[in-house]
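*Asks:* Each residue of the sequence shown is one higher than the one before, starting from 364 at the first, in this note's numbering.
Here a beta-carbon is modelled for each residue, glycine too, at the ideal position from N, C-alpha and C.
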Amino acid sequence: MLQAKSIVIAIEDYPPHTSSSNAEHRLLQDPVTKVFQSLGYQVVYEYTSWARALKGVRSGKFDATFPWFENKDRRDHFILSDKLMTQKVVFFHRKDNGFDWQTDEDLASYTLGAVVDYTARDVLIEMGLKPFTGNTDSYVFQLLFKGRIDAYPATIETGQMRIDQVLPKEAAEELTYHNKPLFEQDMYLLFSKEKFKDSALPKKFNQKWNDYLRSEKPLEK
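#1: Could you spell out the range, first to last residue, of the beta strand (DSSP E) harbouring residue 368?
#2: Among 393, 406, 445, which residue has its Cα nearest to the Cα of residue 371?
#3: If I follow the unbroken beta strand (DSSP E) through residue 544, where does it start and stop?
#4: Going by the beta-carbon positions, is the gap between residue 427 and residue 555 smaller than 9 Å?
#5: Which residues does DSSP pair with residue 457 in a beta bridge?
#6: Thinking residue 445 and residue 572 are a contact (beta carbons under 8 Å), I'd like their distance in whole angstroms, please.
#7: Which of helix, strand or coil does DSSP assign to residue 449?
#8: Could you pull the DSSP bridge partners for residue 431 from this structure?
#9: So residue 541 and residue 454 are supposed to be a Cβ contact under 8 Å. How far apart are they, rounded?
#10: From the DSSP output, in three-state form, read off residue 499 for me.
#11: From residue 537 to residue 513, what distance separates their C-alpha atoms?
#12: Determine contact between the stretch 519-534 and the stretch 393-402, defined as no fewer than three beta-carbon pairs at a distance below 8 Å.
#13: Looking at residue 508 and residue 534, is the spacing between their C-beta atoms short of 9 Å?
#14: With 16 as the cutoff for other CB atoms within 10 Å, does residue 488 come out buried or exposed?
#15: What does a CB cutoff of less than 8 Å around residue 553 pick up in its chain, not counting 5 residues either side in sequence?
#16: Quick one: residues in its chain with C-beta nearer than 7 Å to the C-beta of residue 389, no 5 flanking neighbours on either side, listed in chain order?
#17: Quick one: what does DSSP say residue 583 is sitting in, helix, strand or coil?
#18: Which residue from 374, 470, 496, 452 puts its Cα closest to that of residue 519?
#19: Can you name the residues that DSSP bridges to residue 409?
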């Protein structure tokens with residue numbers, strides 16, 4: 364029997380889409396795994412920070428990472444898959460701080476939080492803002508609860524789950540989010556350009572992924 368090839372994918376917990384410990388929070392991770400398995404690959408997950416995942420895939424230490432929003436730097440230095448999913452990013456804030464915004468200028472009066480290498484941070488900087496930057500969203504949500512920052516942009520599902528993970532129930536109930544999205548974009552799997560620029564794997568992955576999206580049946584090799 365032929366031994367399956369391995370692909371090393373670097374990710375961080377991003378509930379409900381990826382998780383190192385909760386099988387119910389792998390709504391994206393599980394189908395991605397099945398796609399690679401259908402192509403004859405054994406998937407090895409390396410759980411690390413998103414910043415290390417991105418750096419490791421760019422250098423060729425890891426093979427791939429997901430999910431990521433698109434930007435010019437990622438287009439230049441990675442091979443992007445077809446769309447995995449679409450996510451809306453909104454501002455989370457304390458219920459008692461009166462946070463509201465309709466225009467970019469409104470945001471200038473607030474102390475905003477961000478996480479290194481997250482697309483939302485790049486968007487804020489491109490708007491001429493200077494967000495406080497932390498290494499993890501768990502840390503930034505704790506700052507938000509303590510009132511050290513006024514608002515933090517995150518995807519709705521993941522933001523709500525992260526709040527429930529890092530704060531006691533009573534504290535979590537003091538946070539909410541603003542309905543106006545900062546942005547809504549597609550998210551992708553990033554392949555190492557160092558390893559796969561001459562490989563057929565990205566194209567094969569896209570074909571199988573789109574087959575998966577069109578079918579409710581389990582993927583078959």
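*Replies:* Looking at the coordinates:
#1: It spans 368-374 - the beta strand (DSSP E) in which residue 368 sits, taken as one unbroken run.
#2: Closest by alpha carbon: 406.
#3: Per DSSP, residue 544 belongs to the beta strand (DSSP E) from 538-555.
#4: Against a cut-off of 9 Å, the Cβ pair of residue 555 and residue 427 comes out as a contact.
#5: When beta bridges are read from the DSSP output, residue 457 appears opposite 538.
#6: A Cβ-Cβ separation of about 6 Å places residue 445 in contact with residue 572 under the 8 Å criterion.
#7: Strand at residue 449.
#8: Answer is 551.
#9: With 8 Å as the limit, residue 541 and residue 454 qualify as a contact, their Cβ atoms being about 5 Å apart.
#10: DSSP places residue 499 in coil when its eight states are reduced to three.
#11: Roughly 13 Å between the two C-alpha positions.
#12: Counting C-beta pairs with one atom in each stretch, the stretch 519-534 and the stretch 393-402 have fewer than three that are closer than 8 Å, which means they do not touch.
#13: Using a Cβ distance threshold of 9 Å, residue 534 and residue 508 count as a contacting pair.
#14: Exposed is the label assigned to residue 488, since fewer than 16 other Cβ atoms lie within 10 Å of its Cβ.
#15: 417, 420, 427, 428, 429, 431, 437, 441, 442, 443, 444, listed in sequence order.
#16: Same-chain partners within the cutoff: 381, 382.
#17: Residue placement at residue 583 is poorly supported in this model, since its pLDDT is 45, which falls under 50; the coordinates still yield a value, given next. Residue 583: coil per DSSP, three-state reduction.
#18: Ranked by how close their Cα comes to the Cα of residue 519, the residues 374, 470, 496, 452 have 452 in first place.
#19: DSSP links residue 409 through a beta bridge to 373.
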